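Asks:
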Amino acid sequence: AGEIAHRQQRAAAQEDGAWPLWNPLSGAGEPLLANPQSQAFQPLVALALPFPVVSGFGVIAALRVLLAFVFTWLLLRRQGISEAAALAGSLAYGLAGFLQLWLGWPIAGSAALLPALLYGITLVDQRRERRDGVLLALATASLLLVGHPETSLHAALFASAFALSLRPDRRALGAWLLAAGVGAGLAAPMALPAAGYLPASQRASLLAARHEHPENPVPPEASRLLPNAAPNVFGNSRFGDYWGEYNINEDAAGFAGTAALLAALAAVWPLAGKRFPQERLMLGTALVCLLILARPPALTRLFEAVPLLRQSQTYHNRVNLLFAFAVAYLAACTWDRWLRGELNLRRFLGPATALALLIGWAYLAHPGPATLGWLRWGSLALQLAALATSLLLLARPGSPVRATVLATAVAAELIAFHAPAHPPAPARLAYPVTPSVTFLRERFDPWYRVTGLGPLLRANLASVYGLADPRSSNPSKPVAVQRAIQRINRFPWRATEGLIAPEDPLYGRLAVRFLLTPPGTPLARPWRLVFQNGDAWIYRNREALPILFTPEGDLEPGTAEAEWLHARAHLPEPGLLASSVYQDGNWKLLVNSEPHPTILADGPFVAARLPAGESRIDLLYRPGSFLVGLVVAALALGAGVA
Numbered sequence: 133a134g135e136i137a138h139r140q141q142r143a144a145a146q147e148d149g150a151w152p153l154w155n156p157l158s159g160a161g162e163p164l165l166a167n168p169q170s171q172a173f174q175p176l177v178a179l180a181l182p183f184p185v186v187s188g189f190g191v192i193a194a195l196r197v198l199l200a201f202v203f204t205w206l207l208l209r210r211q212g213i214s215e216a217a218a219l220a221g222s223l224a225y226g227l228a229g230f231l232q233l234w235l236g237w238p239i240a241g242s243a244a245l246l247p248a249l250l251y252g253i254t255l256v257d258q259r260r261e262r263r264d265g266v267l268l269a270l271a272t273a274s275l276l277l278v279g280h281p282e283t284s285l286h287a288a289l290f291a292s293a294f295a296l297s298l299r300p301d302r303r304a305l306g307a308w309l310l311a312a313g314v315g316a317g318l319a320a321p322m323a324l325p326a327a328g329y330l331p332a333s334q335r336a337s338l339l340a341a342r343h344e345h346p347e348n349p350v351p352p353e354a355s356r357l358l359p360n361a362a363p364n365v366f367g368n369s370r371f372g373d374y375w376g377e378y379n380i381n382e383d384a385a386g387f388a389g390t391a392a393l394l395a396a397l398a399a400v401w402p403l404a405g406k407r408f409p410q411e412r413l414m415l416g417t418a419l420v421c422l423l424i425l426a427r428p429p430a431l432t433r434l435f436e437a438v439p440l441l442r443q444s445q446t447y448h449n450r451v452n453l454l455f456a457f458a459v460a461y462l463a464a465c466t467w468d469r470w471l472r473g474e475l476n477l478r479r480f481l482g483p484a485t486a487l488a489l490l491i492g493w494a495y496l497a498h499p500g501p502a503t504l505g506w507l508r509w510g511s512l513a514l515q516l517a518a519l520a521t522s523l524l525l526l527a528r529p530g531s532p533v534r535a536t537v538l539a540t541a542v543a544a545e546l547i548a549f550h551a552p553a554h555p556p557a558p559a560r561l562a563y564p565v566t567p568s569v570t571f572l573r574e575r576f577d578p579w580y581r582v583t584g585l586g587p588l589l590r591a592n593l594a595s596v597y598g599l600a601d602p603r604s605s606n607p608s609k610p611v612a613v614q615r616a617i618q619r620i621n622r623f624p625w626r627a628t629e630g631l632i633a634p635e636d637p638l639y640g641r642l643a644v645r646f647l648l649t650p651p652g653t654p655l656a657r658p659w660r661l662v663f664q665n666g667d668a669w670i671y672r673n674r675e676a677l678p679i680l681f682t683p684e685g686d687l688e689p690g691t692a693e694a695e696w697l698h699a700r701a702h703l704p705e706p707g708l709l710a711s712s713v714y715q716d717g718n719w720k721l722l723v724n725s726e727p728h729p730t731i732l733a734d735g736p737f738v739a740a741r742l743p744a745g746e747s748r749i750d751l752l753y754r755p756g757s758f759l760v761g762l763v764v765a766a767l768a769l770g771a772g773v774a
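According to our numbering, the stretch in the sequence shown is residues 133 to 774, in order.
1. Which residues mark the beginning and the end of the alpha helix (DSSP H) in which L207 is found?
2. What does L742 pair with, by DSSP beta-bridge criteria?
3. In the DSSP output, what is Y714 paired with across the bridge?
4. Which residue wins for smallest C-alpha separation from E261, given the options W308, A248, F737?
5. Nearest by alpha-carbon distance to D734: which of Q715, L358, A384 is it?
6. Just to confirm before moving on: does the CB-CB distance between F371 and L504 stay below 9 Å?
7. To the nearest angstrom, how far is it from the Cα of A216 to the Cα of L561?
8. Should the segment 421-432 be regarded as contacting the segment 488-497, the criterion being three or more beta carbon pairs within less than 8 Å?
9. Among L431, N476, A502, T417, which residue has its Cα nearest to the Cα of Y461?
10. Decide if D301 is buried, meaning its Cβ has at least 16 other Cβ atoms within 10 Å, or exposed.
11. Counting pairs of Cβ atoms below 8 Å between the segment 593-609 and the segment 728-742, do you hit three or more?
12. For L475 and R469, what's the separation of their Cα atoms in angstroms?
13. Helix, strand or coil, according to DSSP, for S605 in the structure here?
14. Among W151, A656, F646, E675, which one has its Cα closest to the Cα of F663?
15. Of all the alpha helix (DSSP H) runs that stay within the bounds of the segment 286-351, which reach a length of 4 or more residues?
16. Between N592, A464, P678, which has its C-alpha nearest A391's C-alpha?
17. Tell me the rounded alpha-carbon separation between I670 and Q618.
18. According to DSSP, is L480 part of a helix, a strand, or is it coil?
19. Please state the DSSP three-state secondary structure of I620.
20. Give the straight-line distance between the Cα atoms of A535 and N379, rounded to the nearest whole angstrom.
21. Among residues of its own chain, excluding the 5 on either side of A293, which ones have a beta-carbon nearer than 6 Å to its beta-carbon?
22. Express the C-alpha separation of F457 and L721 in angstroms, rounding to a whole number.
23. Using a Cβ-Cβ cut-off of 6 Å (strictly less than) and excluding sequence neighbours within five positions of L538, which residues of its own chain qualify?
24. Are the segment 279-290 and the segment 676-694 touching by the rule of at least three beta carbon pairs closer than 8 Å?
25. For A398, which residues from the same chain have a beta carbon less than 8 Å from its beta carbon, with the 5 sequence-adjacent residues on both sides left out?
26. Is A295 near D257, with beta carbons less than 9 Å apart?
27. Would the beta-carbon of R622 fall within 9 Å of that of G630?
28. When you compare the CB positions of N449 and A362, do they come within less than 9 Å of one another, or not?
29. Using a Cβ-Cβ cutoff of less than 6 Å, which residues in the same chain neighbour F173 once the five nearest sequence positions on both sides are dropped?
30. Of the residues F201, A200, F203, L176, which one's Cα is nearest the Cα of V191?
31. I need the DSSP call for A404, collapsed to helix, strand or coil.
32. In its own chain, which residues sit with a C-beta less than 7 Å from the C-beta of G770, not counting the 5 before and 5 after it?
33. Here's the rule I'm using: 16 or more other beta-carbon atoms within 10 Å means buried, otherwise exposed. How should I547 be labelled?
34. Taking only three categories from DSSP, how would you classify T566?
35. Among L703, L709, E726, W696, which has the Cα closest to the Cα of W719?
36. Can you round the beta-carbon distance between A228 and A336 to whole angstroms, since I take them to be within the 8 Å contact cut?
Following this line, the structure appears as structure tokens:
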């Protein structure tokens, strides 16, 4: 729902010829462009804008998978790997757990763009034509605009190691730096506002608290690594039961298929033949990722010192992105040697035996609820069948037909494991307009908000219908607003909020005019029942204040747009202009068309002292970092053209 709301806000801004700077529908208002997860300038998201909002998510998902397939194949071909082996390797990565399990989240963009970034680096090193620099610059900008800083940083660091492993000369280094600089400059209009805003977000506050009070070191357990070899070993979050460390998206994101694991294991031992250019880098990457996932106590201090590796976070699991890519790359190298006749069955017997024992032990030694017995036994059978099929094919010399069957087997296993992550749903479930929603939309006033209790109209759902809600389901929401409403928030430190205590006057202070409740819920003053049916009751708050008001005088509301609130104030004497609009430092106030200083009231809300008499009020959202970012982007574009 949050992603749909973000897309709707961007589309509306585009139609109005405005920048998507502010989201007035979530919480007390939130920065839109400065929230990386909005992906305001992400090219893949922009390509989906012509489509209906809900359908656009399918378009974005398809583009992510296509991008991963194409550029992994192109990169492997540039590394000297044959077409058939490159095809199997690209399928192993494009259908691996990281991209497929996170396909609906911005984090998947990093997985989709990593091969394009590496391919651009390779082209600049090998050909150094202008179009190669353009590709690298666009890949860099797109990666920075993905909306998930952790995985973007992982990918950027890995790309840097990849580039250095090519042993570049000064000319190649200069070309890389120029292209990367142009790409980073093009991303500046989003990156600079995000850099200023994210330290004030809930996520940053939680990370800082965990760093100051770290959890007890977790003892190393081999079982943490098992989902990368046996993805359903601890159940499956999609079927309701999961007894692993976090969830299947986090824990099994590194699974690239049984056949790919077998081939990657076969690449570990030294070969008589020559290794491929970056094969050692991929081996080292896979081993480092496994070490980070295992989190041995000896490295506790290191993990606590590096923000991306702190033991108190789940973010260490993001290295599964690099692990899945390394496994797919190593597998492609092994399959290419098989096709060239350099490997025989004996090469695979040891790794196959070890892998079969590991998979069998994983499923048999870690039983879960009896209700998911079918999942454990079915997954074990599927993986052993994939392993046996791979061995049967690799037992004989490689040929185009066998390579095609191998690629098909790789894809079939991964699709069988990951297809349930994206089940089809009837179109009627795509946010239907119910009678209660119709009632609210007909009476919606942009100067007020609506909200719900319990399971009704959960956080972010209101914004899908174009309604403003004081709740927000977003880890990047302003922590100051969360603290301001914590007394009526059932989940004060979660990313998703749930409101309680409707008798609290804070509802009126937050401009909540309408409240949805389960049928039969009685509420006292100031609430008055105005709608009821078998699905929901709706109450109206007779004491709700508009999002901009004057306690001592009269305010005549006017225009209420995303980045512009216009009104007229009538004060008998100097007084306060108050609001329930979050002030991140970028709201500017004009009184009678002249700049006027602002203050904070009731915590994080923008306010000001007004003179007596009648005043024209214009509250404008104007982030200076966005203007700086546009200047940087213009300079970068000019440098790239030059």
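Backbone N, C-alpha and C define an ideal beta-carbon position, used for all residues, glycine too.
The structure presented is a predicted model; accordingly, all values stated were derived computationally and were not measured.
Replies: So, from the listed chains and residues:
1. 185-210
2. G707
3. F737
4. W308
5. Q715
6. yes
7. 41 Å
8. no
9. T417
10. exposed
11. no
12. 6 Å
13. strand
14. F646
15. 302-318, 320-329, 334-344
16. A464
17. 23 Å
18. Checking the sequence, you will find Phe at residue 480 rather than Leu. Helix at F480.
19. helix
20. 34 Å
21. none
22. 50 Å
23. A220, L525
24. no
25. T466, L475, R479, F480, P483
26. yes
27. yes
28. no
29. L277, M322
30. L176
31. Unreliable positioning characterises A404 in this predicted model, as indicated by a pLDDT of 45, which lies under 50. The coordinate reading is nonetheless provided below. Three-state result, A404: coil.
32. none
33. exposed
34. coil
35. W696
36. The Cβ separation is near 30 Å, so there is no contact.
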